[in-house]
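Here's the structure, in structure tokens; my notes come after.
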Amino acid sequence: TEQAAFVVLKSPSIPSVLVETSFITNPNEEKLLGTTAFRHKIATAIANGIMSYFHWFDNQKAHSKRR
1 TEQAAFVVLK SPSIPSVLVE TSFITNPNEE KLLGTTAFRH KIATAIANGI MSYFHWFDNQ
61 KAHSKRR
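Residue 40 in the UniProt record's numbering is what sits at position 40 of the sequence shown, and the numbering runs on without skipping anything.
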């Protein structure tokens, strides 16, 4: 199994996300990664996911304060 030392993911004081969106070893995915539209689609999906998490987190925090 190949392993990489992602220091940012090993540091508990730094919020981080490692996102694997596709594989450049897959010719079809490599071709898609070469297009601006696909990269924009990926970036938008990642941003939406992060925003969704923070909305959920804020709602959880607000809900727990009401108890």
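We put the beta carbon where it would ideally sit given N, CA and C, even for glycine. Source: prediction; values computed, not measured.
Rounded separation between residue i and residue j - CA only
{"i": "Gln60", "j": "Ala43", "result": "26 Å"}
{"i": "Lys31", "j": "Ala45", "result": "19 Å"}
{"i": "Glu29", "j": "Ser22", "result": "6 Å"}
Residue of the options minimising C-alpha distance to residue i
{"i": "Ala47", "options": "Glu29, Gln3, Val19, Ala5", "result": "Val19"}
{"i": "Gly49", "options": "Ala4, Lys10, Val17, Ser13", "result": "Val17"}
{"i": "Pro15", "options": "Ala62, Phe54, Ser64", "result": "Phe54"}
For residue i, three-class secondary structure by DSSP
{"i": "Gln60", "result": "helix"}
{"i": "Pro27", "result": "helix"}
{"i": "Leu32", "result": "helix"}
{"i": "Ser13", "result": "coil"}
Below-8 Å beta-carbon distance, residue i vs any chain C residue
{"i": "Phe38", "result": "The structure shown contains no chain C, having only a single protein chain."}
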